[in-house]
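K.L.:
My questions all concern the structure below.
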Amino acid sequence: MTDPSLLSAQELAQAYRSRAFSPVDAIDALLARITRLNPKLHAFIDLYADDARLAAEGADRLLRAGHDLGPLHGIPFAIKDLIAVAGRPYAAGSKIHLGRPARETAQVVRKLVAAGAIMLGKVHTVEFAFGGWGTNPHLGTPRNPWAMDVHHTPGGSSSGSGVAVGARLAPLAIGTDTGGSVRIPASFNGVTGLKVTRGRISNHGIEPLSPTLDTPGPLARSVEDAAIMYRAMQGPDEADPMTFGILPEDPLPGLKRGIAALRLGRITEADSGNMWDAEVAAAYEAAIETLARLGATIVPISLPGPFSDYARLSHVVMAAEAYALHGSLAEDAARPMGPHVRARIMAGKVSAQDYLQLLWRLPAMQAEFLAAMAGVDALLTPTTRYPARPVEGVDEATAPSDFTRVVNLLGLCALALPDGFSAGGLPLSLQIIGRPFAEAEVLRIGWAYQQATDWHLRTPNL
1 MTDPSLLSAQ ELAQAYRSRA FSPVDAIDAL LARITRLNPK LHAFIDLYAD
51 DARLAAEGAD RLLRAGHDLG PLHGIPFAIK DLIAVAGRPY AAGSKIHLGR
101 PARETAQVVR KLVAAGAIML GKVHTVEFAF GGWGTNPHLG TPRNPWAMDV
151 HHTPGGSSSG SGVAVGARLA PLAIGTDTGG SVRIPASFNG VTGLKVTRGR
201 ISNHGIEPLS PTLDTPGPLA RSVEDAAIMY RAMQGPDEAD PMTFGILPED
251 PLPGLKRGIA ALRLGRITEA DSGNMWDAEV AAAYEAAIET LARLGATIVP
301 ISLPGPFSDY ARLSHVVMAA EAYALHGSLA EDAARPMGPH VRARIMAGKV
351 SAQDYLQLLW RLPAMQAEFL AAMAGVDALL TPTTRYPARP VEGVDEATAP
401 SDFTRVVNLL GLCALALPDG FSAGGLPLSL QIIGRPFAEA EVLRIGWAYQ
451 QATDWHLRTP NL
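Positions 1 to 462 (the UniProt record's numbering) are the ones given, in order, by the sequence shown.
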């Protein structure tokens with residue numbers, strides 16, 4: 001018999017309706033897997049075992065009575081420890097806040113629960129979500145499930161979210177993305193992650209790092225699962241003015257339309273800065289060939305500037321806003337904060353003039369970038385320029401976000417999905433960048449790619 005913990009969200013949904021498994025079966029299987037593997041993987045920081053079982057029993061009773069809440073009914077999900085759940089500890093990855101109870105539940109969690117999904121618990125994050133490798137010296141660094149012999153980076157800052165989905169401890173997880181923090185863990189753990197346009201999903205109830213750049217987003221085992229989760233997460237929220245006037249979209253009707261009519265941009269070596277590993281480059285070329293075989297037209301495009309320039313400017317905004325929010329904690333040497341996160345926050349101690357002048361430049365920069373994309377429907381890049389690396393020896397002065405930060409800086413959307421493996425068995429990833437509010441388009445492209453490949457179906461040997 002198939003282990004329910006190994007099924008995707010939509011496979012579980014089908015099993016519930018065919019009576020092959022119940023939501024209780026799924027929760028019990030996942031809790032057993034978490035009990036076995038979490039001591040090694042360190043993905044979960046707080047497990048809601050009793051509440052999850054009760055919710056699963058309720059979901060099962062509703063299904064048996066003919067009350068079906070939709071494709072997320074009875075589907076378990078994990079929550080990044082940056083996102084509030086009322087009455088539950090809410091540390092934001094920081095020893096400073098360890099044990100702090102949340103006073104409310106984040107809007108994004110409420111929406112998923114209203115759609116029938118079941119909270120499994122909280123998963124680890126980098127302190128204050130400020131780091132791309134996924135390391136946390138105080139609360140622990142999750143272990144990449146694809147490299148159990150040597151501790152490899154899980155990607156950050158949504159480290160536990162990526163590991164939980166990659167290790168089959170949860171079919172779905174919520175992450176947040178300020179410069180790649182959904183997409184980098186998706187890349188390193190071999191899963192699918194969606195970075196949405198700011199305003200698509202409410203940030204209310206989520207510890208901020210950089211309000212200009214912060215976005216919540218789904219991590220899942222497939223594009224279809226991510227699309228279904230995204231549909232449930234979005235919508236206006238009176239507590240987040242950025243969501244006002246942005247109507248929810250349903251990506252599902254157009255998800256399976258194919259890509260024969262689409263034009264997809266590919267980057268040049270000059271734009272990439274030759275900054276990717278050979279295996280990443282080979283996987284990128286193979287993904288482009290696959291999309292071309294599916295009917296897309298591939299168009300080389302030249303960007304207004306190298307990705308490294310956008311990454312540098314993104315860090316200025318991120319650090320300045322992080323200092324405004326968390327600078328008093330970073331300034332206090334007696335507070336337990338990782339040295340690298342402290343240094344990143346302190347780097348944001350800049351003048352108001354420098355910060356505001358950069359913000360004022362962003363609309364023009366976005367217009368220039370979109371003009372370069374004028375002849376294509378989306379832009380293809382690798383998600384990261386190398387696979388996960390051993391934790392020991394990682395240079396914390398760098399970040400694996402060369403290709404991801406531009407998306408947040410310029411208010412775009414993007415999808416990360418598996419496109420191969422390194423010779424050492426580590427996942428590689430393709431990034432599909434779309435215009436603002438083009439989530440349905442990037443999901444459509446990603447769905448077509450996953451119908452022609454099986455990278456997203458691979459499972460780590462645990």
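Ideal Cβ placement from N, Cα and C applies to all residues, glycine included.
Let me know if Glu392 comes out buried or exposed under the rule of 16 or more other beta-carbons within 10 Å of its beta-carbon.
P.N.:
Exposed, by the Cβ-count rule.
K.L.:
What do you reckon, are the CB atoms on Pro142 and His124 nearer than 8 Å?
P.N.:
Yes, these two residues count as a Cβ contact at 8 Å.
K.L.:
Let's see if you can read the secondary structure: which residues bound the beta strand (DSSP E) around Leu417?
P.N.:
Taken as a continuous stretch (DSSP letters only), the beta strand (DSSP E) holding Leu417 covers 413 to 421.
K.L.:
So who's on the other strand from Pro382, going by DSSP bridges?
P.N.:
DSSP, once it has assigned bridges, lists Leu430 as partnering Pro382.
K.L.:
Between the segment 182 to 202 and the segment 213 to 220, do three or more beta carbon pairs fall short of 8 Å?
P.N.:
Short answer: they touch.
K.L.:
Whole angstroms are fine: how far does the CA of Pro304 sit from the CA of Met119?
P.N.:
For Met119 and Pro304, the distance between alpha carbons rounds to 43 Å.
K.L.:
State buried or exposed for Lys111, treating a residue as buried only when at least 16 other CB atoms are found within 10 Å of its CB.
P.N.:
Under this definition Lys111 is a buried residue.
K.L.:
Would you check if the distance between the CB atom of residue 469 and the CB atom of Gln107 is smaller than 8 Å?
P.N.:
Summary: the structure shown does not reach residue 469, with the chain confined to residues 1 through 462, and so no result is reported for it.
K.L.:
Which of helix, strand or coil does DSSP assign to Gly446?
P.N.:
Of the three classes helix, strand and coil, the one that applies to Gly446 here is helix, per DSSP.
K.L.:
Okay, do the segment 146 to 163 and the segment 129 to 136 touch, 3+ Cβ pairs below 8 Å being the bar?
P.N.:
Touching, per the Cβ criterion.
K.L.:
Whose C-alpha, out of Val394, Glu249, Gly235, Gly434, is nearest the C-alpha of Ala114?
P.N.:
Here the closest residue by C-alpha is Gly235.
K.L.:
For Glu104, I'd like the list of residues in its chain whose CB is within less than 7 Å of its CB, leaving aside the five on either flank, ordered along the chain.
P.N.:
Closer than 7 Å at Cβ, skipping near neighbours: Ala84, Ala86, Gly205.
K.L.:
Quick check: the segment 419 to 427 against the segment 381 to 390, are there 3 or more CB pairs under 8 Å?
P.N.:
With a cut-off of 8 Å, the segment 381 to 390 and the segment 419 to 427 count as touching, because enough Cβ pairs lie within range.
K.L.:
In chain order, what residues of the same chain lie with their CB nearer than 7 Å to the CB of Leu370, ignoring the 5 residues before and after it?
P.N.:
Result list for Leu370: Arg435, in chain order.
K.L.:
By Cβ distance, which residues of its chain are closer than 7 Å to residue 478, with the 5 residues on each side in sequence left out?
P.N.:
One cannot answer for residue 478 here, as it falls past the ends of the chain, which runs 1 to 462.
K.L.:
Is Ala226 close to chain B, meaning its C-beta is less than 8 Å from at least one C-beta of that chain?
P.N.:
Protein chain content of the structure displayed is limited to a single chain, and chain B is not contained in it.
K.L.:
Evaluate contact between the segment 11 to 21 and the segment 43 to 53, counting only Cβ atoms and requiring at least three cross-stretch pairs below 8 Å.
P.N.:
These segments do not touch.
K.L.:
Taking Asp225 as part of the beta strand (DSSP E), name the residues at either end of that continuous run.
P.N.:
Careful: Asp225 lies outside any beta strand (DSSP E), inside the alpha helix (DSSP H) at 223 to 233.
K.L.:
Does the Cβ-Cβ distance between Val341 and Phe128 come in under 8 Å?
P.N.:
Cβ atoms of Val341 and Phe128: closer than 8 Å.
K.L.:
Applying the 10 Å Cβ sphere with the 16-neighbour rule, what's the burial state of Arg221?
P.N.:
Buried, because 16 or more other Cβ atoms sit within 10 Å of the Cβ of Arg221.
K.L.:
Taking Ala26 as part of the alpha helix (DSSP H), name the residues at either end of that continuous run.
P.N.:
Where Ala26 is concerned, the enclosing alpha helix (DSSP H) stretches over 23 to 41.
K.L.:
With Pro185 as the anchor, note down where its alpha helix (DSSP H) starts and where it stops.
P.N.:
Here the alpha helix (DSSP H) through Pro185 covers 183 to 189.
K.L.:
Assuming the contact rule is C-beta atoms closer than 8 Å, Thr176 and Lys80 should be a hit. Round their C-beta distance to whole Å, please.
P.N.:
Indeed, because the Cβ distance is near 6 Å, the residues count as touching under 8 Å.
K.L.:
Would you list the residues sitting across from Asp240 in a DSSP beta bridge?
P.N.:
Paired residue(s): Asp237.
K.L.:
I'd like to know whether the C-beta atoms of Gly348 and Tyr310 end up nearer to each other than 8 Å.
P.N.:
Not in contact: Gly348 and Tyr310 (Cβ atoms no closer than 8 Å).
K.L.:
Quick one: is the Cβ of Lys349 within less than 7 Å of any heavy atom of the ligand PLP?
P.N.:
As presented, the structure is devoid of all ligands, the ligand PLP included, so that no description of it is given.
K.L.:
Compute the beta-carbon to beta-carbon distance between Ala56 and Ile27, rounded to the nearest angstrom, for a pair I have assumed lies under 8 Å.
P.N.:
Correct: roughly 4 Å between the Cβ atoms.
K.L.:
Hey, Ala227 and Leu255: beta-carbon distance below 8 Å or not?
P.N.:
Their beta carbons are under 8 Å apart, which means Ala227 touches Leu255 by this criterion.
K.L.:
With DSSP as the reference, identify every bridge partner of Leu219, one or two as the case may be.
P.N.:
Ala173, Gly193.
K.L.:
Express the C-alpha separation of Pro253 and Ala211 in angstroms, rounding to a whole number.
P.N.:
Note that residue 211 is Pro in the sequence shown here, rather than Ala. So the two alpha carbons sit approximately 32 Å from each other.
K.L.:
On the three-state DSSP scale, how would you describe His456?
P.N.:
His456 falls in the helix class under three-state DSSP.
K.L.:
Between which two residues does the alpha helix (DSSP H) holding Ala282 run?
P.N.:
Note, Ala282: alpha helix (DSSP H), 278 to 293.
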